[in-house]
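Following: one structure in structure tokens, then a few remarks.
Number of protein chains: 2
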Amino acid sequence: MDEGRTEIADMGEFGLIKHLTQNNDTRQAGTILSVGDDAAVIDNFGRQTVITTDLLLEGIHFDMMYTPLKHLGYKAVAVNLSDICAMNAIPTHITMSIGITNRFSVEALDEFYDGVYAACEKYDIDLVGGDTSTSQKGFVISVTAIGEVAPNKFVTRSGAGKGDLICVSGDLGAAYLGLQLLEREKKIFLESPGVQPDLGGKAYLIQRILKPEPRLDIVNWLQENDVVPTSMIDISDGLSSEMLHICNSSDLGCILHEEKIPFHSETKETAYEFQVDPTACALSGGEDYELLFTIKQEDYEKIIRNEQISVVGYMTDKAEGAMLLTRSGNKHKLVAQGWNAFPQ
Amino acid sequence: MDEGRTEIADMGEFGLIKHLTQNNDTRQAGTILSVGDDAAVIDNFGRQTVITTDLLLEGIHFDMMYTPLKHLGYKAVAVNLSDICAMNAIPTHITMSIGITNRFSVEALDEFYDGVYAACEKYDIDLVGGDTSTSQKGFVISVTAIGEVAPNKFVTRSGAGKGDLICVSGDLGAAYLGLQLLEREKKIFLESPGVQPDLGGKAYLIQRILKPEPRLDIVNWLQENDVVPTSMIDISDGLSSEMLHICNSSDLGCILHEEKIPFHSETKETAYEFQVDPTACALSGGEDYELLFTIKQEDYEKIIRNEQISVVGYMTDKAEGAMLLTRSGNKHKLVAQGWNAFPQ
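In order, the protein sequences belong to chains U and S. Heads up, the first sequence stops at 343 in numbering that gives the first Met the number 0, and the numbers go up one at a time, no gaps. Heads up, the second sequence stops at 343 in numbering that gives the first Met the number 0, and the numbers go up one at a time, no gaps.
Dropping the structure here:
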């Protein structure tokens, strides 16, 4: 046995995953896609099953001080459905496991499950299993989502071609600013418990961080309009990080046009208040749960008919790197500064 | 909103699950079996998919002081495969999510995954996804297992008929005594760190608690011999608790014959050393991960050819209750004293 000690922080989340799965064999003939994408794909004699799982830990992924339990239940489901959508698949089922400390009452859990069931109802999915347990510290949530897709119609990160157009759904950067607002109000509350939170005019930002929605509408629209993305990923860690995933997996470079990145008006206003660059919020903020995907150029005419989709750039040769073309005409390398699951 | 506070401990694990899932709707036509059994069943145009999930939390489900990481990885997989086997299905895939504190080195995680992959190899299953994250406290493990079964050949807890024979695989009570041995040695070590652990002659008991095996061999044997159990469950919380699940779900009573309960010789010897009743270890000990199932009487001749299966009783009318017939000829009501996920 090697006596050396390698710190996990030195490896980073993606390095660690790569390390841990390097010897992962595939034995089942039905395993079409395994570890390394948003979800796995299993063949099922006609349709294919897509599966994904996420762990949400109190103090790491959410702060109970400003996260209403109903929203948390909804979000725990939503972020998993987003991974299924990122495969161009339709979510159908989830399992939900929770570990809870004795500070939780049944009424508190009911609120959490109200949110879980609200998400199930909205997205027409079934909760089919789970596990409940005591936790020594903190609220532990583990969700597995399952979806279905027609044979070989799933979309991975690796299929982008040179010249393909890069698209994002909705708008970016709002969830990050929503989180900054909640953190600011928490700080004020801890210093002066009597002060009421001031979140006027920020409803959109708060909703984006507390109650994200998977873009199943986009997946359905793409199918209805016969647009098959060449690659796709959901934006959980910021546009830069996800764009780099697509570039690396597809062995290509890209150019993103800063001026094309879509923002909500509240995002722009609040970014200026906080004296941060809205582009930085989009690139590195994370938690937007929008879809980032590439399409063939011939699908451009179809795509622009959907106001919820913005074309933000195109794929280039790998040698050209993954670049941002700024409003002022400068080129910057994209850097993955997304949320790090293993902070130093 | 109800202002009252209901303690989760007052409800118990099964009461809580029932409470939380009472409004759980089924929307997907493919959902054949949802919450409430060992695993859910999803129809997939030919084969059916079985899915189950378990959360394992440090300090609640395992003690890192005496649990080697490789064994822990193996066990985290094995206990989930056991749930798939309990549906009379063949496990095919797992996802594995972990939350880890910074006291973990990469080498430590490698050991854990050595165990995970060893279980995957032994049971011919694929690890197809997961999530890794920091944890503020304690090692968090969440596994989801998927299996397949021919259409409507899955076996639930609710199908037992009056007069059906009750069978258990392997032997019972060993894992509980293995745990007692490890707890004893931990106590001695904490009091006198220089003392070496004394586990001579206890290899079987230690193996049963640290490295349980799902009884896929039994599932395969049943299929090869055309025996379809009428009901089945895996024994994770003790024979009493699991027997009561089958009785309640099947709306029947039962009689278990104490003298028929199978024990390993080490179990009997060690029970006497600890001055506990081996029957109590089997009934309430838990973690044996054997299969408990019922068969029609006409399958008796087939079943007795398998030395790994013991017939321990039969199903009766509900009015007769769930009873243990002791060696001395007395009848006692079975009581679920299994491991409680929500201790008071």
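C-beta: ideal position from N, C-alpha, C; glycine also.
Pick from the options that is closest to residue i, judged by C-alpha positions
{"i": "ALA77/U", "options": "VAL154/U, ASP250/U, TYR203/U, LEU126/U", "result": "LEU126/U"}
{"i": "GLY172/S", "options": "LEU54/S, CYS119/S, VAL40/S, PRO261/S", "result": "PRO261/S"}
{"i": "SER249/S", "options": "LEU255/S, LYS259/S, SER230/S", "result": "SER230/S"}
{"i": "GLU110/S", "options": "ASN79/S, LYS69/S, CYS119/S, MET95/S", "result": "LYS69/S"}
{"i": "HIS92/S", "options": "LEU71/S, GLN135/S, GLY128/S", "result": "GLY128/S"}
{"i": "PRO90/S", "options": "ASP276/S, ASP123/S, ALA174/S, PHE138/S", "result": "ASP123/S"}
{"i": "ALA202/U", "options": "GLU265/U, THR155/U, ASP216/U", "result": "GLU265/U"}
{"i": "PRO228/S", "options": "ILE50/S, LYS17/S, ALA159/S, LEU54/S", "result": "ALA159/S"}
{"i": "GLY146/U", "options": "VAL218/U, THR133/U, ASN247/U", "result": "VAL218/U"}
{"i": "VAL49/U", "options": "VAL40/U, ILE294/U, ILE97/U", "result": "VAL40/U"}
{"i": "GLU6/S", "options": "TYR116/U, THR133/U, GLY3/U, THR20/U", "result": "THR133/U"}
{"i": "GLY328/S", "options": "ASN305/S, ASP82/S, ILE254/S", "result": "ILE254/S"}
{"i": "ILE95/S", "options": "PHE103/S, GLU57/S, ALA144/S", "result": "For clarity, residue 95/S is Met in the given sequence; the question names Ile instead. Nearest C-alpha to MET95/S: ALA144/S."}
{"i": "LEU164/U", "options": "GLY199/U, LYS295/U, ARG304/U, ASN305/U", "result": "LYS295/U"}
{"i": "ARG326/U", "options": "ARG304/U, PRO277/U, LYS17/U", "result": "PRO277/U"}
{"i": "ILE97/S", "options": "THR293/S, GLN274/S, LYS17/S, PHE138/S", "result": "PHE138/S"}
{"i": "LEU221/U", "options": "LEU333/U, MET63/U, ALA75/U, ASN305/U", "result": "ASN305/U"}
{"i": "SER104/S", "options": "PHE103/U, LEU198/U, HIS18/U", "result": "HIS18/U"}
Other residues of its chain near residue i: CB distance less than 6 Å, five sequence neighbours each side excluded
{"i": "LYS330/S", "result": "MET322, LEU324"}
{"i": "LEU282/U", "result": "GLY237, LEU238, SER239"}
{"i": "LYS317/S", "result": "ASP250, LEU251, GLY252"}
{"i": "LEU181/S", "result": "TYR65"}
{"i": "ASN224/S", "result": "LYS301"}
{"i": "VAL194/S", "result": "ILE187"}
{"i": "CYS119/S", "result": "LEU126"}
{"i": "LEU178/S", "result": "ILE208"}
{"i": "SER157/S", "result": "SER248, SER249"}
{"i": "GLU319/S", "result": "GLY252"}
Coarse secondary structure for residue i, derived from DSSP in three states
{"i": "VAL154/S", "result": "coil"}
{"i": "HIS244/U", "result": "helix"}
{"i": "LYS17/U", "result": "helix"}
{"i": "PHE262/S", "result": "coil"}
{"i": "VAL334/U", "result": "coil"}
{"i": "GLU286/S", "result": "coil"}
{"i": "GLY222/S", "result": "Contrary to the premise, residue 222/S reads as Gln rather than Gly in this sequence. Note: GLN222/S maps to helix in three-state DSSP."}
{"i": "ASP130/S", "result": "strand"}
{"i": "GLU257/U", "result": "helix"}
{"i": "ALA340/S", "result": "Note that ALA340/S has pLDDT 43, beneath the 50 cutoff, so the model's placement of it is unreliable and no number is given."}
{"i": "ARG207/S", "result": "helix"}
{"i": "PRO196/S", "result": "coil"}
Neighbouring residues, chain U, relative to residue i (Cβ below 7 Å)
{"i": "ILE187/S", "result": "Near ILE187/S there are no residues of chain U at all, since even the closest Cβ is about 24 Å away, more than 7 Å."}
{"i": "HIS18/S", "result": "VAL105"}
{"i": "ARG156/S", "result": "Near ARG156/S there are no residues of chain U at all, since even the closest Cβ is about 14 Å away, more than 7 Å."}
{"i": "ARG4/S", "result": "SER104, GLU106"}
{"i": "ASN329/S", "result": "Those within 7 Å of ASN329/S in chain U number zero; the least Cβ separation is about 35 Å."}
{"i": "ASN87/S", "result": "Those do not exist, as ASN87/S stays about 17 Å from chain U at its closest Cβ, beyond 7 Å."}
{"i": "ASN151/S", "result": "By Cβ distance, chain U contributes nothing, its closest Cβ being about 15 Å from ASN151/S, past 7 Å."}
Within chain S, partners of residue i - CB distance below 9 Å
{"i": "ILE59/U", "result": "GLY98, SER132, THR133, SER134, GLN135"}
{"i": "ASN247/U", "result": "Within chain S, no residue comes near ASN247/U; the closest Cβ sits about 18 Å away, beyond 9 Å."}
Chain U contact residues for residue i, given Cβ-Cβ distances below 8 Å
{"i": "THR50/S", "result": "Note that residue 50/S corresponds to Ile in the displayed sequence, not to Thr. In chain order: HIS92, THR94, VAL127, GLY128, THR143, ILE145."}
Proximal residues to residue i (C-beta, below 7 Å), its chain only, five neighbours per side dropped
{"i": "LEU71/U", "result": "PHE61, PHE111, GLY114"}
{"i": "HIS256/U", "result": "VAL311, GLY312, LEU324"}
{"i": "ALA367/S", "result": "Here chain S covers residues 0 to 343 and nothing more, so residue 367/S does not appear."}
{"i": "THR315/U", "result": "LYS161, LEU251, GLY252, CYS253, ILE254"}
{"i": "GLY298/U", "result": "Note that residue 298/U is Asp in the sequence shown here, rather than Gly. Around ASP298/U: VAL226."}
Contacting residues, own chain, Cβ-Cβ under 8 Å from residue i (five flanking each side not counted)
{"i": "PRO342/U", "result": "Note on PRO342/U: pLDDT 42, under 50, position unreliable in the model; no value is reported."}
{"i": "LYS259/S", "result": "SER309, VAL310, VAL311, GLY312"}
{"i": "GLN135/S", "result": "THR100"}
{"i": "ASP1/U", "result": "At ASP1/U the pLDDT is 44, less than 50, meaning the model places this residue with poor confidence; the figure from the coordinates comes in the next sentence. Nothing listed; no residue qualifies."}
{"i": "GLY14/S", "result": "none"}
Amino acids of chain U, ordered along the chain, whose beta-carbon sits closer than 9 Å to that of residue i
{"i": "VAL226/S", "result": "Within 9 Å Cβ-Cβ: nothing; VAL226/S doesn't reach chain U, min ~26 Å."}
{"i": "ASN305/S", "result": "In chain order: nothing, as chain U lies at least about 27 Å away."}
Per-residue contacts from residue i into chain S (C-beta, under 7 Å)
{"i": "VAL139/U", "result": "LEU54, LEU56, VAL139"}
{"i": "ASN219/U", "result": "Result: empty, since nearest Cβ-Cβ is about 16 Å, beyond 7 Å."}
Contact under 7 Å by Cβ, residue i with residue j
{"i": "GLU408/U", "j": "PRO196/U", "result": "This structure leaves residue 408/U out entirely; chain U is present only between 0 and 343."}
{"i": "SER168/S", "j": "GLU289/S", "result": "yes"}
{"i": "ALA107/U", "j": "LEU243/U", "result": "no"}
{"i": "ALA88/S", "j": "PHE188/S", "result": "no"}
{"i": "LEU80/S", "j": "SER141/U", "result": "no"}
{"i": "GLY284/U", "j": "TYR175/U", "result": "yes"}
{"i": "ILE232/U", "j": "ALA85/U", "result": "yes"}
{"i": "ASP82/U", "j": "THR51/U", "result": "yes"}
Per-residue contacts from residue i into chain C (C-beta, under 7 Å)
{"i": "MET10/S", "result": "As a matter of chain content, chain C is missing from the structure shown, whose protein chains are U and S."}
Near the ligand FMN: residue i beta-carbon under 6 Å from a heavy atom
{"i": "GLU106/U", "result": "The model depicted lacks the ligand FMN and carries no ligand whatsoever."}
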